[in-house]
Structures are given as C-alpha cells and as structure tokens.
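Engineer:
In the working numbering, the protein residues as written are 3 to 286.
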C-alpha cells in the first residue's frame, strides 16, 4: 500500500517514515533510493549543527572509503537538478572529502515547510549535539513549530523534566554557553550552574576554568557560596565599615588578579596556573 503524502502529516508520522527507510532501506512511490550527483546537493540552510569535528569527518571518510556508504543520506528533491540535504550531513561532508561524484541518497517527498523540523529532529535523534545546541533545538521546536513538551517527549523518548532541564541551560550567561559549546565546561558543570545569579555564575565559571575543577568540586564551591551568603544590606554595611578589606581587594586588582568582595570575603578567580603561582610567590 502506498504511503500517504507527507503533506499535512504529523511529526511522528514523518519521523517514522525516515526511520523505516533508514533501517530497511526500502523505497516507495514517495521515497526512493538513488545514486545522485553529489554536486547537485545543497546543505540544509537550517541545519542546527554549526560545527563539525574535522578529525571525526576524516575518520568517517576513511571508513566510507574502506566499506562504502552503508547508510544513505536523506534529501528533498527541489527540481530536476537540485536537492536539499535533510539528514546525514556528516556522511555528505565525508563523501565530499573523498571527492565522490555520486552519493547514495533517499529522496523524500516532503513539504518545504517541514525542512527545518526534520533537520532539528534528525539531529536530536541521531547526532551528539552539545547541550546548548540541543537546548536551542528543543526551544525552536517548541516556540516556532508549536510542538508541546509532551509531544516532543514522545518523539525523542526523553522525559519532560529532562527537556525542561536542558532548556534551562539557555538562562546561563552567553560566555558560559560558549564555554559549554567549546567543550571547556561539561554538561555536569552546566547543570549545577543553572539558577545562580549572574555575578556568582561568572565568578564560579572563572574558578572552574582557572583551577580545572570537576563537577563535584564545583558543587562544593557553590554550596559554600550559598551557605556563607549574607543579605545584601549586611554585606554592604560590612564593606563600608571595613576599609582594610576594600583596600586589599583594590591591591589584588592592581596586581592583575580577578578579585571581588563577597559576603565579607575576598574571592580571587584564576584564569590559569601562572596566576596561582604568582600569588603564591607574593605571599611567600
């Protein structure tokens, strides 16, 4: 029995079609597998993944060179001489590295408006997106494509609480988010940073990077921050009646250290080990 047109169908139905063709490599009247000219394929402009690991691409290219392309890419046919990539950009890029003239592809008949949705869901399902990319993908599906958290939970097989916790990462400072994208902060670090005020977040992130703290040490640091927290008025009054504390803070700043007064304490953040050694030499 021929499949229904993708036009007007829900995401679960479209995703089921993609999974079926991926796993069984079966064509139909709507979805065909062909060898097509790789130069006729345009990468999806709405691809949520923006960074690709060059070394991983080279390893994939070597695997394809030795064993062939086992899993075809998925494209949308625009016209007789044009296709848009929907899924499998890593495989597509690896084949380009090998200067292949043709590539094995599944051709879908999908409404243009679904292009971004398919790219988002394909990446969530099949790629190792970093936590921030994943959060942005969730947010777009929820905000732009009007998918409920309950529906998204069913599609990607993750609990609503997992989705909600991932979305909370978008509340972090831009600098913190960039460090997560670059792999300098782990997802574990990210989770414990959520909910801090922006000043505390920046101080703790600087300390994590400078002292190379693991997640457990970061949790202890945050706990100490919260346990020693005075109300804002007391802190302000204390700094006013303790000029020695303010003078010491100013001295650290003049020596090039990142310093701040927090809860009647001076907190110094280190960007690298050189700064730690410098302070130890001064105190020695």
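The C-beta atom is built at its ideal place from N, Cα and C for all residues, glycine as well.
Please report the straight-line C-alpha distance between residue 262 and residue 215, rounded to a whole angstrom.
Structural biologist: 19 Å
Engineer: Tell me the rounded alpha-carbon separation between residue 276 and residue 207.
Structural biologist: 18 Å
Engineer: Excluding the 5 residues flanking residue 268 on each side, which residues of the same chain have their C-beta closer than 8 Å to its C-beta?
Structural biologist: 247, 250, 251, 254, 261, 262
Engineer: Count the other CB atoms within 10 Å of the CB of residue 202; is the residue buried (16 or more) or exposed (fewer)?
Structural biologist: buried
Engineer: Is the beta carbon of residue 145 less than 7 Å from the beta carbon of residue 212?
Structural biologist: Cβ atoms of residue 145 and residue 212: not closer than 7 Å.
Engineer: Are the CB atoms of residue 100 and residue 58 nearer to each other than 7 Å?
Structural biologist: no
Engineer: Ignoring anything shorter than 4 residues, give me the alpha helix (DSSP H) runs that lie fully in the segment 145 to 219, in order along the chain.
Structural biologist: 151 to 158, 162 to 170, 176 to 183, 189 to 195, 200 to 213
Engineer: Please name the residue or residues paired with residue 107 in a DSSP beta bridge.
Structural biologist: 36, 75
Engineer: If I follow the unbroken beta strand (DSSP E) through residue 53, where does it start and stop?
Structural biologist: No beta strand (DSSP E) holds residue 53; DSSP gives it neither H nor E.
Engineer: Indicate the three-state DSSP secondary structure (helix, strand or coil) for residue 274 in the structure shown.
Structural biologist: coil
Engineer: How far does the alpha helix (DSSP H) with residue 87 in it extend, from its first residue to its last?
Structural biologist: Where residue 87 is concerned, there is no enclosing alpha helix (DSSP H), although the beta strand (DSSP E) it sits in stretches over 84 to 89.
Engineer: Pull up the DSSP beta-bridge partners for residue 262, would you.
Structural biologist: Partner(s): 269.
Engineer: Helix, strand or coil: which one does DSSP assign to residue 233?
Structural biologist: A caution first: residue 233 carries a pLDDT of 42, below 50, which makes its placement in the model too unreliable to give a value.
Engineer: Note down, in chain order, each residue of its chain lying with its Cβ closer than 7 Å to the Cβ of residue 194, except the 5 sequence neighbours on either side.
Structural biologist: 217, 220, 221, 224
Engineer: How should residue 94 be labelled, buried or exposed, when 16 other C-beta atoms within 10 angstroms of its C-beta is the threshold for buried?
Structural biologist: Looking at its Cβ environment, which holds 16 or more other Cβ atoms inside 10 Å, residue 94 is buried.
Engineer: Taking residue 122 and residue 141 to be in contact with their CB atoms under 8 Å, please state how far apart those CB atoms are, rounded to whole angstroms.
Structural biologist: Residue 122 to residue 141, Cβ: 10 Å. No contact.
Engineer: Please look up how many angstroms separate the CB atoms of residue 171 and residue 134, rounded, as I've assumed it's under 8 Å.
Structural biologist: 6 Å
Engineer: Grab me the residues of residue 271's own chain with a C-beta within less than 7 Å of its C-beta, minus the 5 sequence neighbours each way, in chain order.
Structural biologist: Shown here for residue 271: same chain residues with a beta carbon closer than 7 Å to its own, the five before and five after excluded, namely 205, 208, 209, 212, 260 in chain order.
Engineer: So, residue 179 versus residue 165, is the Cβ gap smaller than 7 Å?
Structural biologist: no
Engineer: Contact check, residue 37 vs residue 91 under 8 Å by CB: the rounded distance?
Structural biologist: The C-beta separation of residue 37 from residue 91 comes to about 18 Å, leaving the pair out of contact by the 8 Å criterion.
Engineer: Tell me whether residue 181 is buried or exposed, calling it buried when 16 or more other Cβ atoms sit within 10 Å of its Cβ.
Structural biologist: When all chains shown are included, residue 181 counts as buried.
Engineer: Just to confirm, is the Cβ distance from residue 75 to residue 96 under 7 Å?
Structural biologist: Not in contact: residue 75 and residue 96 (Cβ atoms no closer than 7 Å).
Engineer: What does residue 81 pair with, by DSSP beta-bridge criteria?
Structural biologist: Beta-bridge pairing by DSSP links residue 81 to 84.
Engineer: Using the beta-carbon count (16 or more within 10 Å), is residue 284 buried or exposed?
Structural biologist: exposed
Engineer: For residue 1 and residue 35, which I take to be in contact (beta-carbon distance under 8 Å), what is that distance rounded to the nearest angstrom?
Structural biologist: Residue numbering for the chain in the displayed model covers 3 to 286; residue 1 lies beyond these limits and cannot be assessed.
Engineer: If residue 154 and residue 143 are in contact, beta carbons under 8 Å, what's the gap, nearest whole angstrom?
Structural biologist: 6 Å
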